[in-house]
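Taking the working numbering as reference, the numbering of the sequence shown is continuous, increasing by one, and the terminal residue is 154. Think of the CB as a built atom: it goes at the ideal place given N, C-alpha and C, for glycine as much as any other residue. Predicted model only: the values in this text are computed from it and were never measured.
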Amino acid sequence: IMKVVRYTASLNLIKQVVQAKKEELILTTSLMGFLVIISSSLLYYCENSVQPEVFSSIPATMWWSIATLTTVGYGDIYPVTLLGKLCASVIAVLGIGMFALPTGILGAGFVEAVQKSRRQRICPHCGKEFV
24 IMKVVRYTAS LNLIKQVVQA KKEELILTTS LMGFLVIISS SLLYYCENSV
74 QPEVFSSIPA TMWWSIATLT TVGYGDIYPV TLLGKLCASV IAVLGIGMFA
124 LPTGILGAGF VEAVQKSRRQ RICPHCGKEF V
């Protein structure tokens, strides 16, 4: 499948954008992982005393955190305390923002790549477009 990238301009553009924005994407992915750990810990401490069978540990609470941050929200695990609901609301909004970050990074990368390819088609000496 990866050899097909060489022959398809669109796939090649995607590959170039991901390579150009590699550092930013790694940073946002790391930030997402950090947010999962922090949100799981917060909700564990808010809800464990009321629902010890549901929020039994921080790693078990990570299921809720990932489902909430990805806005899937299965509803199998949910907070019942006021503080837990408040934290969950903030975490859900942060989850929407966390998916907007990589989308914006990749969108800006595509705009840059398209503008760069357009600039390369014009001769710097005569201003005519290359064929």
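- Report yes or no: do three or more beta-carbon pairs, one from the segment 38 to 55 and one from the segment 79 to 91, lie closer than 8 Å? no
- Message: Please state whether the Cβ-Cβ distance between Lys-136 and Val-40 is less than 7 Å.
- Response: Note on identity: in this sequence residue 136 is Ala, with Lys being the wrong assignment. Contact flag set, yes.
- Task: Determine the direct distance from the alpha carbon of Gln-74 to that of Gly-11, and round the result to whole angstroms.
- Result: A question about residue 11 goes unanswered here, because the residues of the chain that appear run from 24 up to 154.
- Straight-line gap, Gly-130 to Val-116 (C-alpha atoms, nearest Å): 21 Å
- Item | Within 7 Å, strictly: CB atoms of Ser-63 and Ser-88 | yes
- Message: When you compare the CB positions of Tyr-68 and Thr-84, do they come within less than 7 Å of one another, or not?
- Response: no
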